[in-house]
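Working notes, structure below.
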Amino acid sequence: MSITVSLIFAILLSACGQAAQPTIKIGVNAELTGDIPKVGEGTKYAAELWLEDIKAAGGLEVGGKKYQVELIIEDNESKAESAVAANTKLITQDEVLVIVGPQASKQAVPAGEVANNYETPMISPWSTNPNTTKDRPWVFRACFLDPFQGPVVANFVTEEFGFTKAGVLYDVASDYPKGLAEFFKKAWEDLHGPGSVVAYESFTTKDTDFSAQLTKIKDAGAEFIFTPQYYNEVALIVKQAHQLGWDKPIVGSDSWGSSELIPLCGADCYGLFFSTHYAAAGATGKTKEFIDRYNAKYGYVPDDVGALTWDAFGLVQQAIQNCGKITGDVKTDRKCIRDALAQIKAYDGITGKMDFTQGNDPIKCAVIVKISDQGEFTFYKSVCP
Amino acid sequence: MAVVSETIEEKPSLRFKIRSWWLQYFDDIPLFAWLVGALVAAILEMLVGNPFARLIGMPRGPVLFGFLIALKTPLLIPPAILYNIVIYLIPVFLVARFVGRISNSVADWMLKRSVILSTIVHLGMLYAALHIWAVFNDYRILVVKLILLAIMITLSLNVVNGYMGEFSCSHPGFMALGAYTASILSMIFFVDDSTFGPALLPPAFGQFAFPIILIISGAVSSIGALLVAIPSFRTRGDYLAIISLAFTFIVKSLIENLEVVGGPRGLRGQPDWATLPVVFVWTMLCVWVINNYVRSTFGKTMNAVRDGEMAANAMTINTRRTKMVTFLFAAFWAGVAGGLLAHVLRYVNPGSFGIQKLAEVLAMVYFGGLNSVVGSIVGAVGFNLLSEALRPLELYKWIIIPIMIILIMIYRPTGLIAFTEFDVKKLIQPRNKKVREA
Chain A
1 MSITVSLIFA ILLSACGQAA QPTIKIGVNA ELTGDIPKVG EGTKYAAELW LEDIKAAGGL
61 EVGGKKYQVE LIIEDNESKA ESAVAANTKL ITQDEVLVIV GPQASKQAVP AGEVANNYET
121 PMISPWSTNP NTTKDRPWVF RACFLDPFQG PVVANFVTEE FGFTKAGVLY DVASDYPKGL
181 AEFFKKAWED LHGPGSVVAY ESFTTKDTDF SAQLTKIKDA GAEFIFTPQY YNEVALIVKQ
241 AHQLGWDKPI VGSDSWGSSE LIPLCGADCY GLFFSTHYAA AGATGKTKEF IDRYNAKYGY
301 VPDDVGALTW DAFGLVQQAI QNCGKITGDV KTDRKCIRDA LAQIKAYDGI TGKMDFTQGN
361 DPIKCAVIVK ISDQGEFTFY KSVCP
Chain B
1 MAVVSETIEE KPSLRFKIRS WWLQYFDDIP LFAWLVGALV AAILEMLVGN PFARLIGMPR
61 GPVLFGFLIA LKTPLLIPPA ILYNIVIYLI PVFLVARFVG RISNSVADWM LKRSVILSTI
121 VHLGMLYAAL HIWAVFNDYR ILVVKLILLA IMITLSLNVV NGYMGEFSCS HPGFMALGAY
181 TASILSMIFF VDDSTFGPAL LPPAFGQFAF PIILIISGAV SSIGALLVAI PSFRTRGDYL
241 AIISLAFTFI VKSLIENLEV VGGPRGLRGQ PDWATLPVVF VWTMLCVWVI NNYVRSTFGK
301 TMNAVRDGEM AANAMTINTR RTKMVTFLFA AFWAGVAGGL LAHVLRYVNP GSFGIQKLAE
361 VLAMVYFGGL NSVVGSIVGA VGFNLLSEAL RPLELYKWII IPIMIILIMI YRPTGLIAFT
421 EFDVKKLIQP RNKKVREA
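Protein sequence lines correspond, in order, to chains A and B.
With our numbering, letter number 289 in the first sequence gets 289, and the count goes up by one each step, no holes.
With our numbering, letter number 429 in the second sequence gets 429, and the count goes up by one each step, no holes.
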C-alpha cells in the first residue's frame, strides 16, 4: 500500500519537476456582458485572431527562443467592481505578464489603479479618459485622447467647409460625449472667437427624442452639428434632423465608427464625416489584411475597438520581444515589459504610427472618415498633431 | 435514534440516514469548534495549499473553491473537488469532531462569564479564519471585502423592504451619497490631489479619521432619505417606490452635473483605508446594530406597521415616526457601505449607482429572505459568491442566475431563509446536552 502511494507520488513529482519553459500569459479584461457587449466581442475576436497568428508561428519568439502564449479572457460585466475583481484575479491568481483592456473608461480607470498597484503593465486600447493613465507609470493606452480629438474635428471643419457657426448636441450624463463636446467647444471658440458655438444642446442617456434640441440648433443658425454620440443615438439624431428639414453637415467622433451604424442609420448617414482611429474601406496593407481576415472569420468589418485591440496586442508583442528574454520570474518580466512599452518608438500599427516616448499616451494621427454612398467608412484625410 | 426507524419503515430514506448520522456525530459540536476547524483548514491551506494543488495537477491553489478554474477547463473538475475535500472538508470535520467536547466546556465557560466576551471571541475566531483564508490570494481579499459590503447593503434594504414592508428603490442613491461624501472628505483632508488641492491635515491621521468620515457619509445619506421620507410617508402604498426611484435618478444626475467631483468621469484617488479588518469590523457592527434594532420593541413596531397600519395606529404606535426613523436608519447604513465601497475600489462613478445596482441589491434581499438578518447574510454571500464563481460562463451566467432567482421566487416566495430571528446567544451556546442541562 505504502509502496503504491509513494510510487504514485514519485511519478507525480517527477512530472512536475521537469522545468517547462515558461508560458507567456496575457490577460484580457473585456466588457463581454453588460451595456456594451459588442465592444467586448470585438476585443475577444481581435485577441483570438492575434493568438492564431502566434500559434501558427509555433509560439512567440523572444531572444531566439519560442514561448507558448496563453490568453486569459475575463468578463468585467461593464461594471467598475467587476473590472477591479477581474484585474486582481488576472494579476494575483493567473499571474499574467501584461493585461489588455478594459476598453471603456468607467472600467479602465479603477482597473488601472489595480494594475499600477501590483506593478503589472496594462494597456487599454479604447479608453479616452485622461485619468486612466494619469500618474500611473504602469498603465498605457493605444488610442488618442479626447483633448486631441476635439481640436482635430474643429480644424477639419474649418478647413474643409469654412464654417464659423457650430451647433453641438451631446449626452450630458455620459463621460465620453460630455468631455469631447467640451473640448470641441473650446477648440472651436479658440478658432472663431467666443459665441461661435451658437447652440450647445444636451440630453440624457437613453433619451430618444431630440427634436427640441435640434430645432434650437437650427433656429440658432448653426452651419453644422457636431454630435459625439454612440452609433445607436447617432442613427436617431441624424434621422430626426433630416425630418426637421436639416440639410447641412453633421459631424461626429470615433464613437460613430461601429459596424452597427449603417444598418441602423441607413441612407441618412451617407456623406457624413467623423474623426476616428482608422478607416475600414479603402484600407491598404496591414490594415486591409486584418480587416479581411476578421471579416472572413466573424462575418463583419471590425470597428475601431477591434483594430485598437489588435494594435494593443501588437504593442505588447513588440514590448515582449524588445525585452530580449523571459526569465519566468513574473516580477522581473513585468518590469521589463513595462520599460520596453514605454520606449516604443514609431510603432507601425493598423491605426497609425504610435510613439510612447513622451509618456503613456501614444502620439498618433487621427483619421477623418467619410461615409460613402454605399455606406462604407472611407478614408478622407489624416490629421496629425 | 437510528434504531427506531427500522420498526417504522423497512428502508430508511437517504435523507433520514444522513440526518441520523449527522445527529450521531456532529450535533453536539458548538459553533466554536467549527470555527477552530475553519481556522485549521485555513492554516493548512496556507502551509500546503499551493504544493498540494500542483501535486494534483492544478497550477496553484484555487481561489474560489475551484469554480473559476474548473468552469474554464472541465478537465480540472476532479482535482478541484479533491482539493476542496482534502484541504477544507476533511480538516474542518475532523478538527470540529476532535475539539468538540473541549469546545463545549470552553463555550460554556465563556458564556457564563459574559455574552459579549463570548461573542467577541467567536468573532475573533471567525476573523482569524477569514483573514488567513483571504491572504492566501489578494483576489480573495477583494471578493471578501465586496461580499461584506454586500451584506451591509442587503441588510439595510431588508429593514425597509422586509421588516417594514415598504418597497424602497433608493438604495443606489444612498450609496452614491455615502460614496461621494466619504471620497470628498477623505480627499479634501488627507490627500494631495489636483481636484481639491493639498491635504488640509497630515495624511497619517486619515486612518483614524476614517470612522468619523464614514459616520458623516451615513448621516448625509440619512439627510437624503429625509427628502424621500417626508413626502412619501404621508400616504401609504406605492408612493415610496416611485419617489425613491426618482430619488436615485436625481442623485445620479446631480453628481453627473457636478464638475467639482468629476461629473460623469468619476472621481479617483481615494486613499487605501478600507482594509479587510476595517471592512470586517464595520460589517459586524452593522449586523449587530441592525439585529438589535429589529429585535427591539421599537423594531417590532415595524412589523406591526407592515401587518396592519390601522391596527398599529389603534395600538398607540406612531406609525409615521416608525417609518421615518427606520428609513433614515436604513439609509445611514447604506451610506456607510457606499463610503467603504468608494475606498475599496478607490474610484467612484455615478454610472455605478443606477438601475443595475438596484436590481442587484433587490435580488440579494429577495434571494436571501425577507424579514431576516440571517437571510440577508445568506442572500448577499450566496449571490455574490455565485456571481463571482460563475464569471467564466460569461453570458450564460446571466441566464443561470436569473433562473435561480425565479425558481426561488416560485418555491419560496419570501426568499431562502425568511422570517427567522437571529439569536446570537443561541448560536454561540454549547451544544452538549450534559453541559446545556447542567
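C-beta atoms are modelled at their ideal positions from N, C-alpha and C, and glycine is treated no differently.
Item, Value
"Pair within 8 Å by beta-carbon distance, Asn-360/A and Val-139/A", "yes"
"Cβ pair Ala-41/B, Tyr-88/B closer than 8 Å", "yes"
"Val-3/B at chain A interface by Cβ criterion, 8 Å", "For Val-3/B, the predicted model reports a pLDDT of 47, less than 50, meaning its position is unreliable and no value from the coordinates is stated."
"7 Å Cβ shell around Leu-200/B - same chain, five flanking residues per side excluded", "Ile-188 and Phe-189"
"Close-in-space but distant-in-sequence residues of the same chain around Ser-259/A (CB under 7 Å, 5 per side omitted)", "Tyr-300, Val-301 and Asp-303"
"Beta-carbon proximity list for Ala-181/A, same chain, < 7 Å, skipping 5 on both sides", "Val-168, Tyr-170 and Pro-228"
"Minimum Cβ-Cβ distance from Asn-313/B to chain A less than 8 Å", "no"
"Contact set between the region 107-125 of chain A and chain B, restricted to residues whose Cβ is under 7 Å from the partner", "Val-109, Pro-110 and Glu-113"
"Given Asp-268/A as reference, the closest of Gln-374/A, Gly-314/A, Lys-286/A and Thr-133/A once Cα atoms are compared", "Gln-374/A"
"Through-space distance from Pro-137/A to Gln-321/A, alpha-carbon basis", "20 Å"
"Three-state secondary structure (DSSP) of Asp-423/B", "coil"
"Cβ-Cβ distance between Phe-233/B and Arg-320/B below 8 Å", "yes"
"Residue interval of the beta strand (DSSP E) (run including Lys-66/A)", "65-67"
"Simplified DSSP assignment, three categories, for Lys-216/A", "helix"
"Beta-carbon neighbours of Asn-257/B, restricted to chain A and to distances below 9 Å", "Val-172 and Ala-173"
"Chain-ordered chain B contacts of Gln-229/A [CB-CB under 8 Å]", "Neighbours of Gln-229/A on chain B: none; closest Cβ ~14 Å, over 8 Å."
"Ile-54/A Cβ short of 7 Å to the ligand MN heavy atom set", "This structure lacks the ligand MN, and indeed carries no ligand of any kind."
"Beta-carbon neighbours of Thr-204/A, restricted to chain B and to distances below 9 Å", "Ser-253 and Glu-256"
"Interface flag, Leu-405/A vs chain B, CB-CB below 8 Å", "Residue coverage of chain A in this structure runs from 1 to 385, which leaves residue 405/A outside it and unanswerable."
"For Gly-167/A, the first and last residue of its enclosing beta strand (DSSP E)", "166-171"
"Cutoff 8 Å; reference Ser-14/A; Cβ partners in own chain excluding five residues on either side", "Unreliable placement is indicated for Ser-14/A, whose pLDDT of 45 sits below 50; no coordinate value is reported for it."
"Per-residue DSSP class, three states only, for Gly-61/B", "coil"
"Pick from Lys-218/A, Tyr-230/A, Asp-94/A and Gly-59/A that is closest to Lys-38/A, judged by C-alpha positions", "Tyr-230/A"
"Secondary structure of Ala-19/A, DSSP reduced to three states", "Only weak support is given to the placement of Ala-19/A: the predicted model assigns it a pLDDT of 49, under 50, and the value that follows is read from those uncertain coordinates. It is coil, neither helix nor strand."
"Boundaries of the alpha helix (DSSP H) in which Ala-150/B is found, first to last residue", "138-158"
"Neighbourhood of Phe-377/A by C-beta, 7 Å cutoff - its chain only, sequence neighbours within 5 removed", "Gly-257, Ala-279, Ala-280, Ala-281, Val-369 and Ile-371"
"Close beta carbons around Val-100/A, own chain, < 6 Å, minus the five adjacent residues each side", "Val-28, Ile-123 and Ala-312"
"Proximity winner among Ile-350/A, Lys-345/A and Asp-333/A, relative to Lys-25/A (alpha-carbon distances)", "Asp-333/A"
"Euclidean distance between Cα positions of Tyr-447/B and Ile-72/A", "Absent from the model: residue 447/B. The displayed extent of chain B is 1 to 438, so no value can be given."
"Collapsed DSSP secondary structure at Lys-288/A in the structure displayed", "helix"
"8 Å Cβ cutoff, Trp-444/B in contact with chain A", "Nothing can be reported for residue 444/B: it is not among the residues displayed for chain B, which extend from 1 to 438."
"Contact between the region 140-151 of chain B and the region 373-387 of chain B (3+ Cβ pairs under 8 Å)", "yes"
"Option in Lys-300/B, Leu-407/B and Trp-282/B with minimal Cα separation from Met-315/B", "Lys-300/B"
"Thr-378/A - DSSP class collapsed to helix/strand/coil", "strand"
"Residue ranges of each alpha helix (DSSP H) within the region 63-127 of chain A, 4 or longer", "80-88 and 105-117"
"Any chain B beta carbon closer than 8 Å to Val-84/A", "yes"
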